[in-house]
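**Q** Mind having a look at this structure? Questions to follow.
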Amino acid sequence: MCAHKHTSLDDRSDPSLAEQLTVAAEVLGHLADPTRLHLLHLLTEGEQDVSTLTAGGNASRSSVSQHLGRLRLAGLVQSRRDGRRMLYRITSDHLEALVEEALGFAYHAVADVPHHRHAAEKPNAD
Numbered sequence: 004m005c006a007h008k009h010t011s012l013d014d015r016s017d018p019s020l021a022e023q024l025t026v027a028a029e030v031l032g033h034l035a036d037p038t039r040l041h042l043l044h045l046l047t048e049g050e051q052d053v054s055t056l057t058a059g060g061n062a063s064r065s066s067v068s069q070h071l072g073r074l075r076l077a078g079l080v081q082s083r084r085d086g087r088r089m090l091y092r093i094t095s096d097h098l099e100a101l102v103e104e105a106l107g108f109a110y111h112a113v114a115d116v117p118h119h120r121h122a123a124e125k126p127n128a129d
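Residue numbering for the sequence shown follows my numbering, beginning at 4 and increasing consecutively.
Structural data, given as structure tokens:
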């Protein structure tokens with residue numbers, strides 16, 4: 004669930020949980036590739052071009068371009084031309100938060116650091 008309430012722009016009905024699960028699974032599928040996840044992580048810093056994204060990772064320019072194309076077709080990034088450069092950015096604050104939360108979860112798992120729990124939640128009684 005979102006940490007905020009969406010205001011209705013019109014009289015559209017809310018999507019069903021099944022629809023939300025389908026879309027969420029598709030998004031998570033795109034994040035399952037380490038190169039795409041890394042590109043999205045780099046884009047959390049703001050709009051960037053292919054050269055900058057290539058320099059920030061360990062993939063070739065053609066690989067970066069292909070992954071960005073897939074992310075764009077999936078609606079996860081947007082592109083715009085700036086002279087001869089193509090600039091990319093993440094399309095949603097939700098996606099940006101998801102990427103950072105996934106990396107935070109991974110950090111705790113790799114570093115063997117206990118995961119955070121919300122103060123209001125109580126651990127399961129054994």
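We put the CB at the ideal spot given by N, CA and C, even for glycine. Computed from a predicted structure; not experimentally measured.
Where does residue 63 fall in DSSP's three states?
**A** Here residue 63 refers to the residue found at position 60 when the sequence shown is read from its first residue. Coil at residue 63, not helix or strand.
**Q** To the nearest whole angstrom, what separates the beta carbons of residue 74 and residue 67, a pair I think is in contact under 8 Å?
**A** In the sequence shown, residue 74 corresponds to position 71, counting from 1. In the sequence shown, residue 67 corresponds to position 64, counting from 1. Between residue 67 and residue 74 the Cβ distance is about 10 Å, and since that is not below 8 Å, they are no contact.
**Q** Does the Cβ of residue 24 have 16 or more other Cβ atoms within 10 Å, making it buried, or fewer, making it exposed?
**A** In the sequence shown, counting from the first residue as 1, residue 24 sits at position 21. Exposed, by the Cβ-count rule.
**Q** Just the C-alpha distance for residue 103 and residue 58, rounded to the nearest angstrom, thanks.
**A** As a first step, residue 103 is located in the sequence shown; it is residue number 100 there, counting from the start. As a first step, residue 58 is located in the sequence shown; it is residue number 55 there, counting from the start. Each residue's alpha carbon lies about 20 Å from the other.
**Q** Nearest by alpha-carbon distance to residue 78: which of 31, 110 and 88 is it?
**A** Reading the sequence shown from its first residue, position 75 is the one you call residue 78. Selected option, being the one with the closest Cα: 31.
**Q** Flag this pair as yes or no: are the beta carbons of residue 91 and residue 48 separated by less than 8 Å?
**A** Position 88 of the sequence shown, counted from the first residue, corresponds to residue 91. Position 45 of the sequence shown, counted from the first residue, corresponds to residue 48. No. Outside cutoff.
**Q** Buried or exposed for residue 20, please, with buried defined as at least 16 other CB atoms from any protein chain shown within 10 angstroms of its CB.
**A** Taking the first residue of the sequence shown as 1, we reach residue 20 at position 17. With fewer than 16 other Cβ atoms within 10 Å, it is exposed.
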